[in-house]
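A quick write-up on the structure given underneath.
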Amino acid sequence: MTETPMSAGELLEIADALLPGRSLDAARITEGNLHHVVLVPGTAAVRVSKRPSSAEEMPRRMEVLREIADAGLPFAVPEPLTPVTRFGERAAVAVSWIHGEEQPEGQGDPDQIGKLLRAVREVPVTPRLRQLLNAPREKGWAEVLAGQVVPRLPDRWRDECRRRLEAAAALEAVPDALVHGDLGGANVHWGRDGRLVGVLDWDQAHLFDPAVDAALMAWHGWDTVRLAVDPETYRRARAYDAPFGVGHLVGILDGRPLTNVDGYVRSIVAWLDSSS
Numbered sequence: 143m144t145e146t147p148m149s150a151g152e153l154l155e156i157a158d159a160l161l162p163g164r165s166l167d168a169a170r171i172t173e174g175n176l177h178h179v180v181l182v183p184g185t186a187a188v189r190v191s192k193r194p195s196s197a198e199e200m201p202r203r204m205e206v207l208r209e210i211a212d213a214g215l216p217f218a219v220p221e222p223l224t225p226v227t228r229f230g231e232r233a234a235v236a237v238s239w240i241h242g243e244e245q246p247e248g249q250g251d252p253d254q255i256g257k258l259l260r261a262v263r264e265v266p267v268t269p270r271l272r273q274l275l276n277a278p279r280e281k282g283w284a285e286v287l288a289g290q291v292v293p294r295l296p297d298r299w300r301d302e303c304r305r306r307l308e309a310a311a312a313l314e315a316v317p318d319a320l321v322h323g324d325l326g327g328a329n330v331h332w333g334r335d336g337r338l339v340g341v342l343d344w345d346q347a348h349l350f351d352p353a354v355d356a357a358l359m360a361w362h363g364w365d366t367v368r369l370a371v372d373p374e375t376y377r378r379a380r381a382y383d384a385p386f387g388v389g390h391l392v393g394i395l396d397g398r399p400l401t402n403v404d405g406y407v408r409s410i411v412a413w414l415d416s417s418s
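The sequence shown lines up with residues 143 to 418 when you count with this note's numbering.
Now the structure itself:
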C-alpha cells in the first residue's frame, strides 16, 4: 500500500500533541524508510509511521528499545517518552533525544568502533528479546535470496552472486547475538572528544551473526573495521557483504517481507556495478 503524503504542518501537529507545552520553534523534519521524524533538539524525536505496516510494528519496536535500554549498554539508546498513539491511520511516539553527531564517512577510531561492536553483541539474549526479534537463521534467509533475488539478476552477475551467497550461507554457525542492523552513519552519535555517545534507530534489529554489524561499520572504511575486530569476524563480515552489500542483506535478516522485489534487485545491481 502506498503512503498518503503528510505535510510539515500535520507532522508538527502530531509532535505538539505528544509533547504539549514543548517549544517546536527549533524542530526540523526528516524521514527514513519507515517513519517521518520530527526532531526537537535537546528534547525528543517524534517518530510518525509512513504506512500501515510501520504503524502496526511500532509497539513492538518500542518494546525492543525498552529491552535494549535495560541491558546497561555503555552508551545511550532512545527510550519511549510517550505511549504509541494513533492519529488516524498513523501511529506516533516520542523517544528520548540522543546528543552527539555522526562521524564523516571513512573516518573513525578502531578502538571505539570495536568497543561498540562488542557491547552490542554482548547484550544478553533474554527470552523476551528472542520473542520480540526475528531470528533469520531459523527461516531460511539464504533460500529466500536464492529463490527470489538471484534469478532476477542480470546475466553478468547471476552466477557470481549465487557463488557469493552460497559462501555466506556456508559459514559455520555462531550463537545468535543481538544485531543492530543499521549501524554507521547518522545512527551512531559521537561526542566532540571522539567517544561514543549513543546509538539510534534499532528498527532493523534481529538475532544473528554479529559479524553483520561489523560489516555495516564499513561506513568508516574496511581498513578501520579490520583493526576494530578479530580476523575471523572480519572474514565473516566480508562474506556477508559480498553477495549484495550488507545493507541489502539486512532487508531479509530483519524479518520484513520483500514487498518490492524488482526495486530491491535494481538497488542491488546498482551496488554491484558501483563496487566492482
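Built from N, CA and C at the ideal position, the CB exists for glycine as well.
Just to confirm the assignment: which complete alpha helix (DSSP H) runs, minimum length 4, are found wholly within the region 340-406? 353-358, 364-370, 373-383, 388-395
Using the C-alpha atoms, what's the distance from GLU199 back to LEU176? Working through the sequence shown from its first residue, we reach residue 176 at position 34. Working through the sequence shown from its first residue, we reach residue 199 at position 57. One C-alpha to the other measures close to 10 Å.
What residues in its chain sit with their C-beta under 6 Å from that of ASP324, if we drop five residues either side in the sequence? In the sequence shown, residue 324 corresponds to position 182, counting from 1. If we look at ASP324 and ignore the five residues flanking it on each side, its Cβ neighbours are ASP343, GLN346.
For SER196, three-class secondary structure by DSSP: As a position in the sequence shown, residue 196 is number 54, starting the count at 1. Note: SER196 maps to helix in three-state DSSP.
Between the alpha carbons of LEU222 and ARG305, how many angstroms are there, rounded? Here residue 222 refers to the residue found at position 80 when the sequence shown is read from its first residue. Here residue 305 refers to the residue found at position 163 when the sequence shown is read from its first residue. Residue identity check: residue 222 is Pro in the sequence provided, not Leu. For PRO222 and ARG305, the distance between alpha carbons rounds to 43 Å.
Range covered by the alpha helix (DSSP H) that runs through VAL286: Position 144 of the sequence shown, counted from the start, is the residue given in the question as residue 286. Unbroken alpha helix (DSSP H) run through VAL286: 283-290.
Ignore the nearest five residues each way along the sequence and tell me which others in ILE240's own chain have a CB closer than 7 Å to its CB. As a working note, residue 240 is residue 98 in the sequence shown. Excluding sequence neighbours, ILE240 sits near ALA218, PRO220, HIS331, VAL339, GLY340, LEU342.
Is DSSP giving LEU320 helix, strand or coil here? Within the sequence shown, numbered from 1, the residue matching residue 320 stands at position 178. The answer is strand: DSSP assigns LEU320 an E or B state.
Using 8 Å as the threshold, is the C-beta distance between VAL407 and VAL291 below it? The residue labelled residue 407 in the question sits at position 265 within the sequence shown. The residue labelled residue 291 in the question sits at position 149 within the sequence shown. The answer is yes: Cβ separation under 8 Å.
When you compare only the Cα positions, how much space is there between PRO296 and ARG378? For the purposes of this step, residue 296 is identified with residue 154 of the sequence shown, where counting begins at 1. For the purposes of this step, residue 378 is identified with residue 236 of the sequence shown, where counting begins at 1. PRO296 and ARG378 have their alpha carbons spaced roughly 26 Å apart.
Local Cβ density within 10 Å of VAL423, reported as buried at 16 or more and exposed below that: This structure cannot speak to residue 423, because the chain is shown only from 143 to 418.
Would you tell me roughly how many angstroms separate the C-alpha atoms of ARG208 and PRO269, rounded to the nearest one? The residue given as residue 208 occupies position 66 in the sequence shown. The residue given as residue 269 occupies position 127 in the sequence shown. CA-CA distance, ARG208 to PRO269, rounds to 14 Å.
Opposing strand residues paired with VAL235 [DSSP bridges]: Sequence index remark: in the sequence shown, residue 235 carries index 93 (1-based). Paired residues: ARG189.
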